[in-house]
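Visitor:
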Amino acid sequence: MQELQPARNGYTSEFYFSDAFQQSLALWNHRRLAPEFPTDNWAETLTEDARMQAVEGEFLEHLRAAIQPDVADIPTNPDAFVSWFEGLIETGPGQNDPLFPWLADHATREELRWFFEQEAAGEAGFDDLVALTQVKLPDRAKIELARNYWDEMGCGNPKGMHGPMLTVVSEALDVEPSIPTTVPESLALANTMTGLATSRRYAWHSVGALGVIELTAPGRSALVAKGLRRIGLSNRERRYFDLHAVLDVKHSETWNREALRPLVEEDSRRAVAIAEGALMRLLCGKRCFERYRSHLWADQPARAEAA
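So for the sequence shown, the numbering used here puts the first residue at 143; every next one is plus one.
Below, the structure is given as structure tokens:
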């Protein structure tokens with residue numbers, strides 16, 4: 143795999159969404175976030191991390207540039223901003239994509255298996271992203287993110303943790319997610335979320351990106367759950383999607399009220415950063431859905447037309 147270097151003049155979307163770029167970024171994120179022990183080559187690792195952080199920064203700034211036309215008139219009044227943000231459930235990139243009704247009503251078990259394998263490999267871990275984002279946030283927003291994190295952790299009950307619920311789906315569908323077999327659009331989504339959450343210069347962006355997941359995920363989760371039910375997965379096996387179809391509605395309401403609104407009320411400059419983060423996340427999701435459809439519908443025009 144080619145060694146990535148920062149590109150001060152920028153590259154095209156074709157480069158940033160290539161297999162080589164996204165796989166390199168994903169492998170680096172996997173390595174740097176894993177718990178480790180001290181090593182003798184720690185200085186070399188820091189040098190490599192600095193180089194990759196510059197590469198990551200170029201990618202994130204490329205995404206920021208792509209959504210600038212959509213943030214030109216973002217309202218900075220707290221109430222108006224929250225209203226705009228909540229409207230993204232209908233107007234945001236990738237919303238109401240025909241992929242999900244098709245998954246619910248038409249996809250075969252193998253097609254749902256491939257879809258989930260792509261999603262699982264690109265899963266950045268919502269709980270960890272929230273934990274990374276909340277560092278040094280103002281108190282009211284920090285408490286809301288803490289509540290959200292505690293829900294993700296099953297409120298202290300291992301059986302209720304959301305992460306392991308994904309493992310149950312993986313086992314039921316017999317998938318083995320891996321970076322080399324995942325489309326770059328899915329890796330890009332996870333790399334974007336990780337980059338926003340791990341860099342404090344994108345802290346407000348991460349709040350927006352996480353918040354828009356809570357806002358837009360329930361409808362998609364309900365349709366995926368319907369598809370999984372149709373192919374025979376049990377209540378336990380599809381619990382992750384059934385749960386998020388309901389729970390994230392409440393999460394979104396409290397996130398918008400207890401995190402977004404007070405953050406913008408305290409400093410109106412945050413509105414644009416939060417909006418950018420939300421749109422960057424939605425843009426990556428849109429690219430995923432388009433790539434999934436391209437793969438799943440490639441030789442099945444009748445299925446595509448039915449959806």
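All residues carry an ideal CB built from backbone N, CA and C; glycine is no exception.
Quick one, which of 358, 322, 271 and 344 has its alpha-carbon nearest residue 233's?
Guide: Counted from its first residue, the sequence shown places residue 233 at position 91. Out of 358, 322, 271 and 344, 358 has the C-alpha closest to the C-alpha of residue 233.
Visitor: Counting Cβ pairs, one atom from each stretch, are 3 or more of them under 8 angstroms apart for the stretch 230–246 and the stretch 267–283?
Guide: Contact fails: fewer than three Cβ-Cβ distances are below 8 angstroms.
Visitor: Would you decide whether residue 143 is buried or exposed? Buried here means 16 or more other CB atoms lie within 10 Å of its CB.
Guide: Working through the sequence shown from its first residue, we reach residue 143 at position 1. Low local confidence applies: a pLDDT of 46 at residue 143 is under 50, so the model's placement there is unreliable, with the coordinate-based value given in what follows. Exposed, by the Cβ-count rule.
Visitor: If we call anything under 8 angstroms between Cβ atoms a contact, is residue 205 one with residue 275?
Guide: Your numbering for residue 205 matches position 63 in the sequence shown. Your numbering for residue 275 matches position 133 in the sequence shown. It is not a contact, given that the beta carbons lie outside the stated cut-off.
Visitor: With distances taken between CB atoms, is the gap from residue 356 to residue 282 smaller than 8 angstroms?
Guide: Counted from its first residue, the sequence shown places residue 356 at position 214. Counted from its first residue, the sequence shown places residue 282 at position 140. No. Outside cutoff.
Visitor: Can you tell me which of the three DSSP states residue 143 falls into?
Guide: By one-based count along the sequence shown, residue 143 stands at place 1. Below a pLDDT of 50, predicted positions are generally treated as unreliable, and residue 143, at 46, falls in that range; no measurement from the model is reported.
Visitor: Might you give, ordered along the chain, the residues of its own chain that have their beta carbon closer than 6 angstroms to the beta carbon of residue 238, omitting 5 neighbours on each side?
Guide: Walking along the sequence shown from the start, residue 238 turns up at place 96. So the list is empty, once near-sequence residues are dropped.
Visitor: Measuring CB atoms only, is the stretch 258–265 touching the stretch 311–325, in the sense that at least three cross pairs come out at less than 8 angstroms?
Guide: Flag = yes, the stretch 258–265 and the stretch 311–325 touch.
Visitor: Would you check if there are 3 or more beta carbon pairs closer than 8 angstroms linking the stretch 365–378 to the stretch 340–349?
Guide: Segments in contact, no.
Visitor: Would you mind working out which of 277, 382, 156 and 242 sits nearest residue 296, comparing C-alpha positions?
Guide: Translated into positions along the sequence shown, residue 296 becomes position 154. If we check each option's Cα against that of residue 296, 382 comes out closest.
Visitor: Give me whichever residues DSSP pairs with residue 303 in a beta bridge.
Guide: What you label residue 303 is simply residue 161 of the sequence shown in a count that begins at 1. BP columns for residue 303 point to 295.
Visitor: From residue 213 to residue 183, what does the alpha carbon distance come to, in whole angstroms?
Guide: On the sequence shown, position 71 is the one that residue 213 refers to. On the sequence shown, position 41 is the one that residue 183 refers to. Going by the C-alpha atoms only, they are around 43 angstroms apart.
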